[in-house]
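Residue numbers (this note's numbering): 2 to 149.
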């Protein structure tokens, strides 16, 4: 079904900004008796699908709360795995972001993130700053407790 026919048929109002807390990977894996690492990998697939859907519907701003400041208290092995997933995502998605005219911005603390990841973030923010179809905002090392 085409976007226009969906909007016309259902008369839906599309928000300009959608924010999603990427949560539930561990519950999903426990329910299926799988490793939490598998859940985190599936989370990357969810991010990709969410971006596609946001772009399809013409949402201008998509904020994904991907790694809260509280996540640093998880086991070291899990945090390391999550950082490696972030590296992998940044390395694999650069071409897609450019091809789909998506800009990337990161909010949150960068001081605790590994230096190579901060460099990649800075690179992709700069590389995609003129892209206008979707502004993808990742909240990394971000938490409401810090804001209070």
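Every residue, glycine too, gets a C-beta built ideally from N, C-alpha and C.
This structure is a prediction, so every number in the text was calculated from the model and none was measured.
DSSP three-state label for residue i, please.
i           : result
residue 134 : coil
residue 58  : coil
The beta strand (DSSP E) that contains residue i, what's its start and end?
i          : result
residue 22 : 18 to 22
residue 66 : 62 to 69
Roughly how many angstroms lie between the CA atoms of residue i and residue j, to the nearest whole one?
i           : j           : result
residue 43  : residue 101 : 22 Å
residue 113 : residue 53  : 30 Å
residue 128 : residue 33  : 39 Å
residue 23  : residue 116 : 23 Å
residue 119 : residue 143 : 15 Å
residue 130 : residue 123 : 10 Å
residue 85  : residue 15  : 34 Å
residue 108 : residue 59  : 22 Å
residue 88  : residue 81  : 11 Å
residue 132 : residue 99  : 7 Å
residue 76  : residue 83  : 11 Å
Kindly give me the distance between the Cβ atoms of residue i and residue j, rounded to whole angstroms, as I take these residues to be in contact under 8 Å.
i           : j           : result
residue 93  : residue 140 : In fact, because the Cβ distance is near 20 Å, the residues do not count as touching under 8 Å.
residue 134 : residue 56  : 6 Å
*Which runs of the beta strand (DSSP E), 3 residues or longer, sit entirely within the segment 90 to 118?*
103 to 108
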